[in-house]
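The numbering of the sequence shown is UniProt numbering, which starts it at 1 and goes up by one. Below: one structure, written as C-alpha coordinates.
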Amino acid sequence: SDTRWVCRYKNCKAVKDNFEVILEVLREEIDANSNLDVAQAIGIEAMIKKGHFILFLIILEDILTKINILSNLMQEKKATLGKSVNLINSIIKTFENDRCSEKFKTVWTEVITLAKEFNISLEISAKERKDSSKRKRKETTNLQNYYVNNTTGAECSYVNVDELNEGMNDEDTQFEYWKINGYFRILDYVLSGLRSRFSTESLKIGHSIDNFMKLKYDESLHFIEHYENALCIDKDQLKAEMLIMKNCINKDDFDIDALVSEINKKIFPNLYKLLQVALTIPVSSASCERSFSVMRRIKTWLRNSMSNDRFSNLSLLHIERDLANNITSEEVLNIFAQKSRRLNLTI
(Lines of atoms letter the chains of each structure in order from A; the text may use other names.)
(Lines give C-alpha, C1' and ligand atoms only; values in the text may rest on other atoms or scores of the structure.)
Protein backbone atom coordinates (compact mmCIF):
# COMPACT_ATOMS: atom_id res chain seq x y z
CA SER A 1 0.00 0.00 0.00
CA ASP A 2 1.43 3.39 -1.00
CA THR A 3 -0.38 5.03 1.93
CA ARG A 4 2.06 3.45 4.40
CA TRP A 5 4.90 5.72 5.47
CA VAL A 6 7.47 2.95 5.07
CA CYS A 7 6.74 2.85 1.34
CA ARG A 8 8.17 6.36 1.02
CA TYR A 9 11.53 4.76 0.23
CA LYS A 10 10.47 5.24 -3.41
CA ASN A 11 10.22 8.98 -2.78
CA CYS A 12 13.71 9.04 -1.25
CA LYS A 13 15.16 7.20 -4.23
CA ALA A 14 13.31 9.44 -6.70
CA VAL A 15 14.57 12.63 -5.01
CA LYS A 16 18.15 11.33 -4.90
CA ASP A 17 18.19 10.12 -8.51
CA ASN A 18 16.52 13.30 -9.83
CA PHE A 19 18.18 15.79 -7.50
CA GLU A 20 19.76 17.78 -10.33
CA VAL A 21 16.49 18.01 -12.26
CA ILE A 22 14.59 19.10 -9.13
CA LEU A 23 17.07 21.93 -8.54
CA GLU A 24 16.79 23.04 -12.18
CA VAL A 25 12.99 23.13 -12.04
CA LEU A 26 13.05 25.11 -8.80
CA ARG A 27 15.60 27.57 -10.23
CA GLU A 28 13.47 28.07 -13.38
CA GLU A 29 10.42 28.76 -11.20
CA ILE A 30 12.37 31.26 -9.11
CA ASP A 31 13.89 33.04 -12.13
CA ALA A 32 10.52 33.24 -13.89
CA ASN A 33 8.92 34.87 -10.84
CA SER A 34 5.56 34.61 -12.58
CA ASN A 35 3.22 33.54 -9.78
CA LEU A 36 2.84 33.13 -6.04
CA ASP A 37 4.58 29.73 -6.08
CA VAL A 38 7.98 31.41 -6.27
CA ALA A 39 8.08 31.86 -2.48
CA GLN A 40 7.48 28.15 -1.96
CA ALA A 41 10.13 27.30 -4.56
CA ILE A 42 12.69 29.47 -2.75
CA GLY A 43 11.92 27.73 0.53
CA ILE A 44 12.18 24.23 -0.97
CA GLU A 45 15.47 25.05 -2.70
CA ALA A 46 16.95 26.42 0.51
CA MET A 47 15.86 23.30 2.42
CA ILE A 48 17.14 20.63 0.02
CA LYS A 49 20.51 22.39 -0.38
CA LYS A 50 21.32 21.90 3.29
CA GLY A 51 23.83 19.28 4.35
CA HIS A 52 21.56 17.48 6.81
CA PHE A 53 18.88 17.06 4.11
CA ILE A 54 21.34 15.17 1.88
CA LEU A 55 22.50 13.07 4.83
CA PHE A 56 19.03 12.04 6.02
CA LEU A 57 17.87 11.44 2.44
CA ILE A 58 20.58 8.82 1.87
CA ILE A 59 20.20 7.28 5.34
CA LEU A 60 16.42 6.92 5.04
CA GLU A 61 16.62 5.48 1.54
CA ASP A 62 18.94 2.75 2.81
CA ILE A 63 16.87 1.98 5.94
CA LEU A 64 13.41 2.17 4.35
CA THR A 65 14.45 -0.06 1.45
CA LYS A 66 15.28 -2.83 3.92
CA ILE A 67 12.16 -2.32 6.04
CA ASN A 68 9.97 -2.35 2.93
CA ILE A 69 10.96 -5.98 2.32
CA LEU A 70 9.36 -6.90 5.65
CA SER A 71 6.41 -4.59 4.97
CA ASN A 72 5.64 -6.36 1.68
CA LEU A 73 5.71 -9.75 3.38
CA MET A 74 3.43 -8.64 6.23
CA GLN A 75 0.83 -7.25 3.80
CA GLU A 76 0.31 -10.56 2.03
CA LYS A 77 -3.11 -12.08 2.69
CA LYS A 78 -1.59 -15.44 3.65
CA ALA A 79 1.19 -13.95 5.77
CA THR A 80 1.64 -15.26 9.31
CA LEU A 81 3.85 -14.09 12.13
CA GLY A 82 5.45 -17.51 12.36
CA LYS A 83 6.51 -17.48 8.71
CA SER A 84 7.91 -13.96 9.18
CA VAL A 85 10.09 -14.79 12.21
CA ASN A 86 13.27 -15.49 10.23
CA LEU A 87 12.90 -12.33 8.13
CA ILE A 88 12.13 -10.17 11.19
CA ASN A 89 15.19 -11.46 13.07
CA SER A 90 17.33 -11.05 9.95
CA ILE A 91 16.30 -7.41 9.49
CA ILE A 92 16.93 -6.61 13.17
CA LYS A 93 20.32 -8.31 12.93
CA THR A 94 21.11 -6.35 9.77
CA PHE A 95 20.41 -3.01 11.47
CA GLU A 96 22.45 -4.05 14.51
CA ASN A 97 25.40 -4.86 12.23
CA ASP A 98 24.91 -1.58 10.33
CA ARG A 99 25.28 0.42 13.55
CA CYS A 100 29.04 0.83 13.21
CA SER A 101 31.59 3.28 11.82
CA GLU A 102 32.43 1.06 8.84
CA LYS A 103 28.86 1.10 7.55
CA PHE A 104 28.53 4.84 8.11
CA LYS A 105 31.72 5.41 6.09
CA THR A 106 29.88 4.02 3.06
CA VAL A 107 26.94 6.34 3.70
CA TRP A 108 29.22 9.31 4.38
CA THR A 109 31.15 8.75 1.14
CA GLU A 110 27.89 8.91 -0.80
CA VAL A 111 26.87 12.04 1.10
CA ILE A 112 30.18 13.78 0.32
CA THR A 113 29.94 12.84 -3.37
CA LEU A 114 26.44 14.27 -3.68
CA ALA A 115 27.33 17.38 -1.68
CA LYS A 116 30.40 18.15 -3.82
CA GLU A 117 28.46 17.63 -7.04
CA PHE A 118 25.91 20.30 -6.09
CA ASN A 119 28.21 22.50 -3.98
CA ILE A 120 26.37 21.85 -0.71
CA SER A 121 28.13 22.56 2.58
CA LEU A 122 28.30 19.84 5.23
CA GLU A 123 29.44 22.18 7.99
CA ILE A 124 27.59 21.91 11.28
CA SER A 125 25.33 24.95 11.55
CA ALA A 126 25.11 27.24 14.56
CA LYS A 127 21.60 25.93 15.33
CA GLU A 128 22.83 22.32 15.28
CA ARG A 129 25.74 23.25 17.55
CA LYS A 130 23.33 24.96 19.93
CA ASP A 131 20.92 22.00 19.94
CA SER A 132 23.73 19.55 20.69
CA SER A 133 24.93 21.62 23.64
CA LYS A 134 21.49 21.93 25.27
CA ARG A 135 21.00 20.24 28.58
CA LYS A 136 19.16 16.94 28.05
CA ARG A 137 16.22 15.89 30.19
CA LYS A 138 17.28 12.86 32.23
CA GLU A 139 15.21 10.04 33.65
CA THR A 140 14.11 10.61 37.24
CA THR A 141 15.85 8.42 39.81
CA ASN A 142 12.44 7.56 41.31
CA LEU A 143 11.80 5.18 38.39
CA GLN A 144 15.08 3.27 38.58
CA ASN A 145 13.60 0.30 40.44
CA TYR A 146 10.39 0.14 38.41
CA TYR A 147 9.37 -1.29 35.06
CA VAL A 148 8.09 1.54 32.82
CA ASN A 149 6.05 0.61 29.73
CA ASN A 150 5.27 4.19 28.61
CA THR A 151 7.50 6.92 27.24
CA THR A 152 8.75 9.65 29.56
CA GLY A 153 10.23 13.08 29.00
CA ALA A 154 13.82 11.79 29.15
CA GLU A 155 16.04 12.34 26.12
CA CYS A 156 18.89 10.24 24.77
CA SER A 157 22.25 11.84 25.49
CA TYR A 158 24.12 12.16 22.19
CA VAL A 159 27.47 13.75 21.53
CA ASN A 160 28.16 17.47 21.86
CA VAL A 161 30.04 19.23 19.04
CA ASP A 162 32.45 20.85 21.50
CA GLU A 163 33.42 17.41 22.81
CA LEU A 164 34.61 16.41 19.32
CA ASN A 165 36.72 19.44 18.45
CA GLU A 166 39.72 18.46 20.55
CA GLY A 167 42.36 16.84 18.33
CA MET A 168 40.04 16.60 15.29
CA ASN A 169 39.95 18.42 11.98
CA ASP A 170 36.68 19.71 10.51
CA GLU A 171 36.06 16.63 8.35
CA ASP A 172 36.53 14.21 11.25
CA THR A 173 34.30 16.36 13.46
CA GLN A 174 31.52 16.34 10.85
CA PHE A 175 31.88 12.58 10.39
CA GLU A 176 31.64 11.80 14.11
CA TYR A 177 28.88 14.32 14.77
CA TRP A 178 26.56 13.05 12.03
CA LYS A 179 27.41 9.43 12.75
CA ILE A 180 26.25 9.74 16.35
CA ASN A 181 23.58 12.45 16.13
CA GLY A 182 22.17 11.39 12.77
CA TYR A 183 22.88 7.84 11.65
CA PHE A 184 23.02 6.12 15.04
CA ARG A 185 20.01 8.04 16.32
CA ILE A 186 17.78 6.95 13.42
CA LEU A 187 18.95 3.34 13.69
CA ASP A 188 18.26 3.36 17.44
CA TYR A 189 14.68 4.52 16.86
CA VAL A 190 14.13 1.91 14.15
CA LEU A 191 15.57 -0.92 16.25
CA SER A 192 13.54 0.17 19.27
CA GLY A 193 10.35 0.16 17.19
CA LEU A 194 11.06 -3.26 15.68
CA ARG A 195 11.85 -4.83 19.05
CA SER A 196 8.73 -3.31 20.59
CA ARG A 197 6.45 -4.44 17.74
CA PHE A 198 8.02 -7.89 17.39
CA SER A 199 8.82 -8.89 20.97
CA THR A 200 10.26 -12.30 21.80
CA GLU A 201 6.93 -13.39 23.26
CA SER A 202 4.90 -12.40 20.19
CA LEU A 203 7.35 -14.18 17.88
CA LYS A 204 7.14 -17.32 20.00
CA ILE A 205 3.35 -17.24 19.86
CA GLY A 206 3.41 -16.66 16.11
CA HIS A 207 5.81 -19.54 15.49
CA SER A 208 3.80 -21.79 17.80
CA ILE A 209 0.51 -20.95 16.01
CA ASP A 210 2.06 -21.87 12.66
CA ASN A 211 3.01 -25.28 14.07
CA PHE A 212 -0.48 -25.67 15.54
CA MET A 213 -1.97 -25.11 12.08
CA LYS A 214 0.22 -27.98 10.89
CA LEU A 215 -1.10 -30.13 13.80
CA LYS A 216 2.34 -30.44 15.42
CA TYR A 217 1.56 -30.83 19.11
CA ASP A 218 5.04 -30.58 20.66
CA GLU A 219 6.07 -27.55 18.59
CA SER A 220 2.82 -25.70 19.43
CA LEU A 221 2.89 -26.19 23.22
CA HIS A 222 3.69 -22.51 23.84
CA PHE A 223 0.43 -21.47 22.17
CA ILE A 224 -1.57 -24.29 23.79
CA GLU A 225 -0.34 -23.55 27.32
CA HIS A 226 -0.97 -19.82 26.84
CA TYR A 227 -4.73 -20.42 26.37
CA GLU A 228 -5.06 -23.68 28.30
CA ASN A 229 -6.72 -22.26 31.41
CA ALA A 230 -8.74 -19.55 29.68
CA LEU A 231 -10.40 -22.03 27.29
CA CYS A 232 -10.44 -25.04 29.66
CA ILE A 233 -8.33 -27.13 27.30
CA ASP A 234 -7.60 -30.77 28.12
CA LYS A 235 -4.05 -31.21 26.81
CA ASP A 236 -4.16 -35.00 26.67
CA GLN A 237 -7.46 -34.95 24.82
CA LEU A 238 -6.16 -32.23 22.51
CA LYS A 239 -3.07 -34.27 21.66
CA ALA A 240 -5.29 -37.19 20.66
CA GLU A 241 -7.56 -34.90 18.60
CA MET A 242 -4.61 -33.41 16.71
CA LEU A 243 -3.21 -36.87 15.95
CA ILE A 244 -6.55 -38.18 14.69
CA MET A 245 -7.21 -35.05 12.62
CA LYS A 246 -3.78 -35.32 11.00
CA ASN A 247 -4.58 -38.90 9.97
CA CYS A 248 -8.01 -37.82 8.69
CA ILE A 249 -6.49 -35.28 6.33
CA ASN A 250 -3.75 -37.76 5.41
CA LYS A 251 -1.53 -35.16 3.75
CA ASP A 252 1.89 -33.84 4.75
CA ASP A 253 1.16 -30.45 3.20
CA PHE A 254 -2.39 -29.16 3.72
CA ASP A 255 -3.91 -25.68 3.91
CA ILE A 256 -6.14 -24.14 6.54
CA ASP A 257 -9.28 -24.61 4.43
CA ALA A 258 -8.80 -28.37 4.47
CA LEU A 259 -8.36 -28.29 8.25
CA VAL A 260 -11.47 -26.17 8.86
CA SER A 261 -13.65 -28.33 6.62
CA GLU A 262 -12.76 -31.50 8.55
CA ILE A 263 -13.16 -30.23 12.13
CA ASN A 264 -16.44 -30.91 13.93
CA LYS A 265 -17.15 -28.88 17.06
CA LYS A 266 -18.68 -31.81 18.96
CA ILE A 267 -16.08 -34.41 17.97
CA PHE A 268 -12.98 -32.20 18.32
CA PRO A 269 -13.97 -29.61 20.99
CA ASN A 270 -10.45 -28.71 22.19
CA LEU A 271 -9.00 -28.44 18.71
CA TYR A 272 -12.03 -26.40 17.59
CA LYS A 273 -11.59 -23.83 20.41
CA LEU A 274 -7.89 -23.28 19.78
CA LEU A 275 -8.38 -23.11 16.03
CA GLN A 276 -10.91 -20.30 16.52
CA VAL A 277 -8.32 -18.34 18.52
CA ALA A 278 -5.53 -19.06 16.03
CA LEU A 279 -7.62 -17.79 13.12
CA THR A 280 -8.53 -14.54 14.87
CA ILE A 281 -4.98 -13.49 15.78
CA PRO A 282 -3.93 -11.06 13.01
CA VAL A 283 -0.35 -10.79 11.81
CA SER A 284 -0.85 -7.14 10.78
CA SER A 285 -3.52 -4.50 10.19
CA ALA A 286 -3.20 -4.77 6.39
CA SER A 287 -6.58 -6.48 5.90
CA CYS A 288 -8.39 -3.85 7.99
CA GLU A 289 -6.68 -1.05 6.08
CA ARG A 290 -7.68 -2.61 2.78
CA SER A 291 -11.31 -2.49 3.95
CA PHE A 292 -11.04 1.21 4.78
CA SER A 293 -9.44 1.86 1.39
CA VAL A 294 -12.43 0.15 -0.24
CA MET A 295 -14.85 2.40 1.66
CA ARG A 296 -13.07 5.49 0.42
CA ARG A 297 -13.16 4.29 -3.19
CA ILE A 298 -16.90 3.55 -3.01
CA LYS A 299 -18.18 6.59 -1.14
CA THR A 300 -16.73 9.44 -3.19
CA TRP A 301 -17.92 13.05 -3.34
CA LEU A 302 -20.23 12.07 -6.21
CA ARG A 303 -21.89 9.44 -4.02
CA ASN A 304 -21.93 11.39 -0.79
CA SER A 305 -25.70 10.98 -0.31
CA MET A 306 -25.52 7.17 -0.35
CA SER A 307 -27.42 5.49 2.49
CA ASN A 308 -25.60 3.34 5.04
CA ASP A 309 -27.36 0.13 3.97
CA ARG A 310 -26.36 0.53 0.33
CA PHE A 311 -22.86 1.60 1.35
CA SER A 312 -22.43 -1.49 3.56
CA ASN A 313 -23.73 -3.82 0.86
CA LEU A 314 -21.47 -2.39 -1.84
CA SER A 315 -18.48 -2.50 0.50
CA LEU A 316 -19.19 -6.12 1.35
CA LEU A 317 -19.41 -7.05 -2.33
CA HIS A 318 -16.10 -5.36 -3.08
CA ILE A 319 -14.22 -6.65 -0.03
CA GLU A 320 -15.43 -10.22 -0.63
CA ARG A 321 -15.16 -9.94 -4.41
CA ASP A 322 -13.45 -13.36 -4.62
CA LEU A 323 -16.71 -14.93 -3.44
CA ALA A 324 -18.91 -12.52 -5.37
CA ASN A 325 -17.16 -13.31 -8.66
CA ASN A 326 -18.14 -16.97 -8.31
CA ILE A 327 -21.86 -16.10 -8.19
CA THR A 328 -23.52 -16.37 -11.60
CA SER A 329 -25.98 -13.74 -12.79
CA GLU A 330 -28.53 -16.47 -13.51
CA GLU A 331 -28.67 -17.48 -9.83
CA VAL A 332 -29.24 -13.88 -8.75
CA LEU A 333 -32.03 -13.42 -11.30
CA ASN A 334 -33.75 -16.64 -10.22
CA ILE A 335 -33.76 -15.57 -6.56
CA PHE A 336 -35.06 -12.13 -7.53
CA ALA A 337 -37.82 -13.66 -9.69
CA GLN A 338 -39.03 -15.87 -6.82
CA LYS A 339 -39.61 -12.89 -4.53
CA SER A 340 -43.04 -11.28 -4.27
CA ARG A 341 -43.62 -8.15 -6.32
CA ARG A 342 -44.41 -4.79 -4.79
CA LEU A 343 -46.52 -3.78 -7.78
CA ASN A 344 -49.22 -5.78 -9.50
CA LEU A 345 -48.52 -5.73 -13.20
CA THR A 346 -51.70 -5.91 -15.28
CA ILE A 347 -51.96 -6.26 -19.00
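The beta carbon of each residue, even a glycine, is placed where N, CA and C say it ideally should be.
Check this for me: beta carbons of residue i and residue j, under 8 angstroms apart or not?
i    : j    : result
K239 : E228 : no
L64  : R99  : no
F118 : F19  : yes
G82  : G206 : yes
I281 : I209 : yes
V111 : I22  : no
V38  : E29  : yes
L203 : I88  : yes
F56  : W108 : no
K13  : E61  : yes
I256 : V294 : no
CA-CA distance, residue i and residue j?
i           : j    : result
V277        : Q338 : 40 angstroms
K246        : L274 : 15 angstroms
I327        : S315 : 16 angstroms
L317        : A324 : 6 angstroms
D188        : S34  : 45 angstroms
E24         : A41  : 11 angstroms
S192        : F184 : 12 angstroms
L73         : S340 : 49 angstroms
S1          : S84  : Low confidence applies here, because S1 scores a pLDDT of 48, under 50, leaving its location unreliable; read the following figure in that light. Cα-Cα distance, rounded: 18 angstroms.
F212        : I59  : 40 angstroms
E331        : K66  : 48 angstroms
I124        : D172 : 12 angstroms
L194        : S305 : 43 angstroms
R297        : N11  : 24 angstroms
C232        : S329 : 47 angstroms
K266        : S71  : 40 angstroms
S307        : T300 : 13 angstroms
I186        : K214 : 39 angstroms
D252        : E102 : 47 angstroms
L333        : I69  : 46 angstroms
K78         : H226 : 24 angstroms
D309        : D31  : 55 angstroms
A115        : V190 : 26 angstroms
F311        : Q75  : 25 angstroms
L279        : N313 : 25 angstroms
Q237        : I335 : 45 angstroms
I120        : D170 : 15 angstroms
R321        : L26  : 45 angstroms
residue 360 : T200 : Residue coverage of the chain in this structure runs from 1 to 347, which leaves residue 360 outside it and unanswerable.
T80         : S261 : 20 angstroms
D17         : S90  : 28 angstroms
S196        : F254 : 33 angstroms
residue 348 : L36  : The structure shown does not extend to residue 348, since the chain is modelled only from 1 through 347, so no value can be given for it.
N86         : L122 : 39 angstroms
Since I believe residue j is in contact with residue i (beta carbons under 8 angstroms), could you give me their beta-carbon distance rounded to a whole number of angstroms?
i    : j    : result
K223 : E241 : The identity of residue 223 in the sequence shown is Phe, whereas the question assumes Lys. About 15 angstroms separates the two Cβ atoms, so there is no contact after all.
A258 : I249 : 6 angstroms
Does at least one heavy atom of the ligand NAD sit under 7 angstroms from the Cβ of residue i?
i    : result
K265 : Ligands displayed in this structure: none; no statement on the ligand NAD is therefore possible.
Segment contact, 8 angstroms Cβ cut-off, at least three pairs: the region 46-53 with the region 89-105
The region 46-53, when compared against the region 89-105, does not touch it at the 8 angstroms Cβ threshold.
The region 199-219 in contact with the region 171-186 per 3-pair CB rule at 8 angstroms:
no
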